[in-house]
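Chemist: Have a look at this one before I ask anything.
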Amino acid sequence: MVLRLGTIVEQLGGELFGNPELDIQALAPLEAAGPQALSFLSNPKYRQQLAASKAGCVIVAPAMRDEARARGACIVADNPYLYFAHVTQLWQRARQRPAGPRIHPSAVVDPGAQVDPSALIGPLCVVERGARIGAHTVLKSRVTVSEDCVIGERCVLHPGVVIGADGFGFAKDGERWEKIEQLGAVRIGNDVEIGANTCIDRGALNDTVIEDGVKLDNLIQIGHNVRVGRNTAMAGCVGVAGSATIGANCTIGGSAGVLGHLSIADGVNVSSFSLVTRSLNKPGHYTGFYPLEDNASWEKNAATLKQLSTLRERLRALEKELKETKK
Amino acid sequence: MVLRLGTIVEQLGGELFGNPELDIQALAPLEAAGPQALSFLSNPKYRQQLAASKAGCVIVAPAMRDEARARGACIVADNPYLYFAHVTQLWQRARQRPAGPRIHPSAVVDPGAQVDPSALIGPLCVVERGARIGAHTVLKSRVTVSEDCVIGERCVLHPGVVIGADGFGFAKDGERWEKIEQLGAVRIGNDVEIGANTCIDRGALNDTVIEDGVKLDNLIQIGHNVRVGRNTAMAGCVGVAGSATIGANCTIGGSAGVLGHLSIADGVNVSSFSLVTRSLNKPGHYTGFYPLEDNASWEKNAATLKQLSTLRERLRALEKELKETKK
Amino acid sequence: MVLRLGTIVEQLGGELFGNPELDIQALAPLEAAGPQALSFLSNPKYRQQLAASKAGCVIVAPAMRDEARARGACIVADNPYLYFAHVTQLWQRARQRPAGPRIHPSAVVDPGAQVDPSALIGPLCVVERGARIGAHTVLKSRVTVSEDCVIGERCVLHPGVVIGADGFGFAKDGERWEKIEQLGAVRIGNDVEIGANTCIDRGALNDTVIEDGVKLDNLIQIGHNVRVGRNTAMAGCVGVAGSATIGANCTIGGSAGVLGHLSIADGVNVSSFSLVTRSLNKPGHYTGFYPLEDNASWEKNAATLKQLSTLRERLRALEKELKETKK
Numbered sequence: 024m025v026l027r028l029g030t031i032v033e034q035l036g037g038e039l040f041g042n043p044e045l046d047i048q049a050l051a052p053l054e055a056a057g058p059q060a061l062s063f064l065s066n067p068k069y070r071q072q073l074a075a076s077k078a079g080c081v082i083v084a085p086a087m088r089d090e091a092r093a094r095g096a097c098i099v100a101d102n103p104y105l106y107f108a109h110v111t112q113l114w115q116r117a118r119q120r121p122a123g124p125r126i127h128p129s130a131v132v133d134p135g136a137q138v139d140p141s142a143l144i145g146p147l148c149v150v151e152r153g154a155r156i157g158a159h160t161v162l163k164s165r166v167t168v169s170e171d172c173v174i175g176e177r178c179v180l181h182p183g184v185v186i187g188a189d190g191f192g193f194a195k196d197g198e199r200w201e202k203i204e205q206l207g208a209v210r211i212g213n214d215v216e217i218g219a220n221t222c223i224d225r226g227a228l229n230d231t232v233i234e235d236g237v238k239l240d241n242l243i244q245i246g247h248n249v250r251v252g253r254n255t256a257m258a259g260c261v262g263v264a265g266s267a268t269i270g271a272n273c274t275i276g277g278s279a280g281v282l283g284h285l286s287i288a289d290g291v292n293v294s295s296f297s298l299v300t301r302s303l304n305k306p307g308h309y310t311g312f313y314p315l316e317d318n319a320s321w322e323k324n325a326a327t328l329k330q331l332s333t334l335r336e337r338l339r340a341l342e343k344e345l346k347e348t349k350k
Numbered sequence: 024m025v026l027r028l029g030t031i032v033e034q035l036g037g038e039l040f041g042n043p044e045l046d047i048q049a050l051a052p053l054e055a056a057g058p059q060a061l062s063f064l065s066n067p068k069y070r071q072q073l074a075a076s077k078a079g080c081v082i083v084a085p086a087m088r089d090e091a092r093a094r095g096a097c098i099v100a101d102n103p104y105l106y107f108a109h110v111t112q113l114w115q116r117a118r119q120r121p122a123g124p125r126i127h128p129s130a131v132v133d134p135g136a137q138v139d140p141s142a143l144i145g146p147l148c149v150v151e152r153g154a155r156i157g158a159h160t161v162l163k164s165r166v167t168v169s170e171d172c173v174i175g176e177r178c179v180l181h182p183g184v185v186i187g188a189d190g191f192g193f194a195k196d197g198e199r200w201e202k203i204e205q206l207g208a209v210r211i212g213n214d215v216e217i218g219a220n221t222c223i224d225r226g227a228l229n230d231t232v233i234e235d236g237v238k239l240d241n242l243i244q245i246g247h248n249v250r251v252g253r254n255t256a257m258a259g260c261v262g263v264a265g266s267a268t269i270g271a272n273c274t275i276g277g278s279a280g281v282l283g284h285l286s287i288a289d290g291v292n293v294s295s296f297s298l299v300t301r302s303l304n305k306p307g308h309y310t311g312f313y314p315l316e317d318n319a320s321w322e323k324n325a326a327t328l329k330q331l332s333t334l335r336e337r338l339r340a341l342e343k344e345l346k347e348t349k350k
Numbered sequence: 024m025v026l027r028l029g030t031i032v033e034q035l036g037g038e039l040f041g042n043p044e045l046d047i048q049a050l051a052p053l054e055a056a057g058p059q060a061l062s063f064l065s066n067p068k069y070r071q072q073l074a075a076s077k078a079g080c081v082i083v084a085p086a087m088r089d090e091a092r093a094r095g096a097c098i099v100a101d102n103p104y105l106y107f108a109h110v111t112q113l114w115q116r117a118r119q120r121p122a123g124p125r126i127h128p129s130a131v132v133d134p135g136a137q138v139d140p141s142a143l144i145g146p147l148c149v150v151e152r153g154a155r156i157g158a159h160t161v162l163k164s165r166v167t168v169s170e171d172c173v174i175g176e177r178c179v180l181h182p183g184v185v186i187g188a189d190g191f192g193f194a195k196d197g198e199r200w201e202k203i204e205q206l207g208a209v210r211i212g213n214d215v216e217i218g219a220n221t222c223i224d225r226g227a228l229n230d231t232v233i234e235d236g237v238k239l240d241n242l243i244q245i246g247h248n249v250r251v252g253r254n255t256a257m258a259g260c261v262g263v264a265g266s267a268t269i270g271a272n273c274t275i276g277g278s279a280g281v282l283g284h285l286s287i288a289d290g291v292n293v294s295s296f297s298l299v300t301r302s303l304n305k306p307g308h309y310t311g312f313y314p315l316e317d318n319a320s321w322e323k324n325a326a327t328l329k330q331l332s333t334l335r336e337r338l339r340a341l342e343k344e345l346k347e348t349k350k
C-alpha cells in the first residue's frame, strides 16, 4: 500500500511542509516510524519523541509547526489526532479488497426483515423477522439481530454481537421463577459501533434504546429497558443492569458496572472497575475500586478494613477521653 | 394485538371489576399506560401512581381492591407481579407468528445427537455427538451444545451460548502448561434459562451440573465441575470458578465472582461486584465492593487505605499512651 | 472405555506396583474412585484420602511410595499431576470417535486464507482473507478469525472465540467520535488455548501478539496492541486494555483487569478481581479487592471508608495533642 503525501493533503486538508511526491508506505507511532511512514504528535508532552523520530512526515498542531519543520516534513492540522483518524480511514479505503456479496449466502435473513440495499450482512449472521438494518450498516460475521430490533445507519456490529435476546425478567412463584415475556425490542441509532460478543437485551414492555454515536467495546452487557445517551462510550466488559438511564457524552471504564433503575447525568466519567450504585445527577469523574497492593500488604489492610467502623468508634472515644483528660 | 379483558381472566383467574369486553391493546407500566392498556401494581409504595394512572385496567393485590376500584377497572390477584408474568406469556402466545422449522436447516446437528421432537433448534446452532436436548427446549440462534452434554425440558438457551467447552485445566511441566483433557460433560436440568453468550464448561472427570429452575443472565462464566442448585438466579457477567458448589434459591448479583472449590449454602444472596472467597455456610446477604465516590475523594481515601493497618497500630499506641498518661 | 494399567505405563513411563492386567474403566478423584478407577495424589496434604480411597490404582510421588503400596496398586511418577494430565490425554485419544471433515462444510473459509492441511476447522467457523491457521490447530465451532490474523500450531480455539475484531479506537471530533481504522492484525503463537467467547482485538497500527504457550479461559477481553508473554495464563472474564504488555509466566485471576499502556514483569501473579493500574516491574503476588462481609457489616465499614482520610487527620491531630499534653 502506498499513498502520496500530496494525495493525503488534497483529500483531508491541512498545510503540508515537505515534498508532496513522498510515497507513504506505512502509518506508525513516532518512535517506530521510518522514512516512508507518516506519524503524528497529538500531545505536546511527547515533543522529545518528535525531535528523535525518523518518520517521513509528522502530523502536528499549529503550535508545534516550527519545531516540526526544523525536524523535516510535516502536516499542520488543528487536531492532529483527529486528522490521523481520517488518514487511517483513507488508508483503509485505499487498501480495501473487493467486497463480498451484500448479504453473505451463509447468513440467515428472514424474509420479513428489512435490510437496506447499502448494508452489508456478513457470513453466518442471523437477522430475524421484523428486524430493520439501516443504510451503510455492517454486520461482520456471526451477529444476531432478533425479532423487531432496529439498527440505524452507518453502524458496525462486530462478530458475536447479540441484539435483542430476552431481558432477564422473572416473577417469584413460591421458590420457582416465572418468566416475564420480554415484549419490547431494541432500537439503535446511527453511527453506533458495537464490539465483539457484546449483548443488548430487548425491553420488557418498552424498548431498550441506544442513541446516535454510541461506541461500545467488546463483551459488554446492556440489560433490558436501558437507555444510553448520544456519543457515550463504554470500554470492555461493562455491565449495565435493567432500566438504567445513562446520559450523553459519558465514558464508562472497563469492567465497570451500573445498577438498575438509576440515572446518570450527561458528561459523567466512571472509572474502570467502579460500580455505580446510585443516580449521579452532576457531571464529573467517579471512582470506586480497591487499590492494588502487594498481596501481603493487602492481606493486612483488608483484614483491618473489616474493623473500620470499630476503629472509628475507638478514635472517637479517644478524642473524648483526651478532651476530658485535659480539663 | 388485542386481548379481551374477559379472556385474560377466563384464562388466568383473578377477580375482574370492570367491563370484560374492554379490548387490551398493550401492557404498560402505570405511568405510561393509556386507556387501552393493562398495568399492574406490585408494590404498595407506588400506590400514588395507581391513583394517577390512565390505565384501562390495573392488576392489584386484595389489600388494594378498594383503592383500585375507586380509580376504575381492576383485576384482583394474590400476587399481582406473578399474575402480570402470566399475562406477558398469554400475550406472547397470542402474538406468536408461525414457528419456523423444528430444526432450522442451517443448524448443524450431529446424527449421534438426540433432539426431542418438541424441541426447537434455531439457525446456525451446533449440537454435537451424544448431546441430548429435552422436550420443549428452545435453542435460539448460534448456540453450541458440545459432545455428550444434556439439556433438560422447557429450557431456553439464548444466542451465542456455549455449553460444554473444555474446562480450564492444565498441569505445570516446568514453565509449560500441559493440558488436562476434560472428560466430563454438562448436565442441565429442566426449566433452566441461559442468557446470551453465557458459557458453561464441561467437567474434568465428573460433570458440571445446573439444577432445575436455574436462571442465568448474559455473559456468565461457569467453570468446570461447578454445581448450581435449584432455582438459583445469577445476573449478567458473573464468573464462577471451577468446582464451586452453589446452593438452591441463591441470587448472585451482576459481575460478582465465586472462587473455586468452595460451597455456598442455600438461600445466600451475593451483592453485585462482590467476590466470594470462602465457603458461606449460612443463608444471608453478603457484600464486598468499594463504594463509589467522586474521584478526588476516592484518591485520598484509597491512598489512606494502603496504610490502614499502620493506622490501626498508631491508634492502638495512642490508646496505650493515653492510658499511661492518665495513671 | 477401558485401558490396561500396563498399557498406560508402557506409554507414559512411571513405575507400576500392581497387576498390569487391571482394566481401568474410569479416571476419578481419590474419594470417588472405585476398584476399576485410576486416581492420583498430587498434594501430600491429602494423604489421608489416599489411605481411605477405593481406587484400583493411584498415581503418587516417590515420597509417597511406601504409603501407597501399603494401600494397594500404584504408579510412582515424579510429578503425579503432570502424569495424570498425560493419562487424560491418552484416555481422550483412546475414546476418540472418528473425526469429522477437516474443514466442516458449514464453515466459511475465504479462498485467500491459508489453512494447514492438518488443522481442523469446525462447524460454522469463519476464516477471513489473509488469515493463516497453523498445523494441528483446532477451531471448534463458531469461531471467527478475521482478515490477516495468524494462528500458530497446535492451538485450540473454543466456540464463540473472536480473533481480530477492531480495537476500540476513536478520536474526538467535538462531541462525536471519529473512528480510527484498525490497520494491524493479531498474531498468536504455538500451543495457545483460547476459551469460549473470548475476544482478542486487532492492533491499531501494529499487531496484537499472544506468545507461545499462553492459556486464556472463557469470556476474556484482550484489547488492541496488547502483548501477552509466553506461558502466561488468565482465568475467565479478565479484561486487558489496549497496549498493555504482560510478561511471561504470569497468572491473572478471574475477572481481574489490566489498564492500558502499562507493563507487567515476568512471573507476576494477579489475584482475582484485582485491577492493575500501574506497571509492575517486579515479580510477585498482587491483590486489590474489597473483602467479602455480611451485608450489614459491609454497610458500616464502607460508609466509614468514605471518611478514611479524615480519620487519618483526626488521628494525626490526636497524636500531636497527646504529645503536647504530656509536655
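Listed in order, the protein sequences are those of chains A, B and C. In the working numbering, each number is its position in the first sequence, counted from 1, plus 23. In the working numbering, each number is its position in the second sequence, counted from 1, plus 23. In the working numbering, each number is its position in the third sequence, counted from 1, plus 23. All C-beta atoms, glycine included, are put in the ideal place defined by N, C-alpha and C. The structure displayed is predicted, hence computed values, not measured ones.
1) Can you tell me which of B/F296, B/R225, B/S302 puts its alpha carbon nearest to the alpha carbon of B/L285?
2) In chain C, which residues lie with their C-beta within 8 Å of the C-beta of A/E342?
3) Give the range of the beta strand (DSSP E) segment to which A/G270 is assigned.
4) With a cut-off of 8 Å on the beta carbons, I'd call C/T268 and C/I287 a contact; round off their distance for me.
5) In terms of residue numbering, what span does the beta strand (DSSP E) encompassing C/K343 cover?
6) Run the CB neighbour count on C/E81, radius 10 Å, all protein chains shown included, and call it buried at 16 or more, exposed below.
7) 8 Å is my cut-off, CB to CB: does C/H308 come that close to chain A?
8) To the nearest angstrom, how far is the alpha carbon of C/I217 from that of C/S164?
9) Determine, using beta carbons only, whether B/K350 comes closer than 8 Å to chain A.
10) In this structure, what does DSSP give as the bridge partners for B/I144?
11) Using the rule of at least 16 other Cβ atoms within 10 Å of the residue's Cβ for burial, across every protein chain shown, is B/N248 buried or exposed?
12) Apply the 10 Å Cβ neighbour rule to B/Q205 and answer buried if 16 or more other Cβ atoms are within range, or exposed otherwise.
13) Can you tell me the Cα-Cα spacing of B/P43 and A/V232, whole angstroms?
14) I want to verify the contact list: residues of chain C whose CB lies under 7 Å from the CB of A/Y313, in sequence order.
15) Taking 8 Å as the threshold (beta carbon to beta carbon), is B/G246 in contact with chain C?
16) Rounded to a whole number of angstroms, what is the C-alpha to C-alpha distance between C/I245 and A/R116?
17) Are the CB atoms of C/A96 and C/L45 within a distance shorter than 8 Å?
18) Just the chain C side, please: which residues come within less than 8 Å of B/R152 by C-beta, in chain order?
19) Name the two residues that bound the continuous alpha helix (DSSP H) containing B/D224.
20) Give the residues of chain A in contact with B/R165, contact being defined as C-beta atoms less than 7 Å apart.
21) Could you tell me whether any Cβ in chain B is nearer than 8 Å to the Cβ of A/C222?
22) Give me the Cβ distance between A/A271 and A/N254, rounded to the nearest whole Å; I'm assuming they're in contact under 8 Å.
23) Between C/G276 and A/G259, is the Cβ-Cβ spacing less than 8 Å?
24) Any idea if C/A326 is buried or exposed, counting beta-carbon neighbours within 10 angstroms, 16 or more meaning buried?
25) Beta carbons nearer than 8 Å to chain C: which residues of the segment 246–261 of chain A have them?
26) Under 8 Å between beta-carbons, which chain C residues line up against A/K329? List them in chain order, please.
27) In chain B, which residues lie less than 7 Å from A/D196 when you measure between Cβ atoms?
28) In chain A, what lies closer than 7 Å to C/R199 by C-beta?
29) Can you tell me which of the three DSSP states A/E322 falls into?
30) Give the interface partners of C/H159 over in chain B, defined as CB-CB distance under 8 Å, in chain order.
31) Excluding five sequence neighbours on each side, which residues of the same chain lie with their C-beta closer than 7 Å to the C-beta of B/L228?
32) So, does the segment 25–42 of chain B touch the segment 34–41 of chain C, judging by three or more C-beta pairs under 8 Å?
33) Is C/Q112 close to chain B? Criterion is C-beta to C-beta, closer than 8 Å.
34) Taking C/I82 as part of the beta strand (DSSP E), name the residues at either end of that continuous run.
35) May I ask you to list, following chain order, the residues of the segment 166–189 of chain A that have a beta carbon less than 7 Å from some beta carbon of chain B?
36) Beta carbon of C/V110, beta carbon of C/L64: below 8 Å?
Modeler: If we stick to the structure as given:
1) B/S302
2) R337, L341
3) Taken as a continuous stretch (DSSP letters only), A/G270 belongs to no beta strand (DSSP E), as it is neither H nor E.
4) 7 Å
5) Taken as a continuous stretch (DSSP letters only), C/K343 belongs to no beta strand (DSSP E), being part of the alpha helix (DSSP H) at 331–349.
6) In the sequence on display, residue 81 of chain C carries Val and not Glu. Buried, since its Cβ has 16 or more Cβ neighbours within 10 Å.
7) yes
8) 13 Å
9) no
10) B/I126, B/L162
11) buried
12) buried
13) 35 Å
14) G311, F312, Y313
15) yes
16) 26 Å
17) yes
18) R120
19) Not the alpha helix (DSSP H): B/D224 falls in the beta strand (DSSP E), residues 222–224.
20) V149, R165, T167
21) yes
22) 6 Å
23) no
24) exposed
25) R253, N254, A256, A258, G259, C260
26) P314, E316, S320, N324
27) L105
28) G236, N254
29) helix
30) Those within 8 Å of C/H159 in chain B number zero; the least Cβ separation is about 13 Å.
31) L206, G207
32) no
33) yes
34) 80–83
35) T167, G183, V185, A188, D189
36) no
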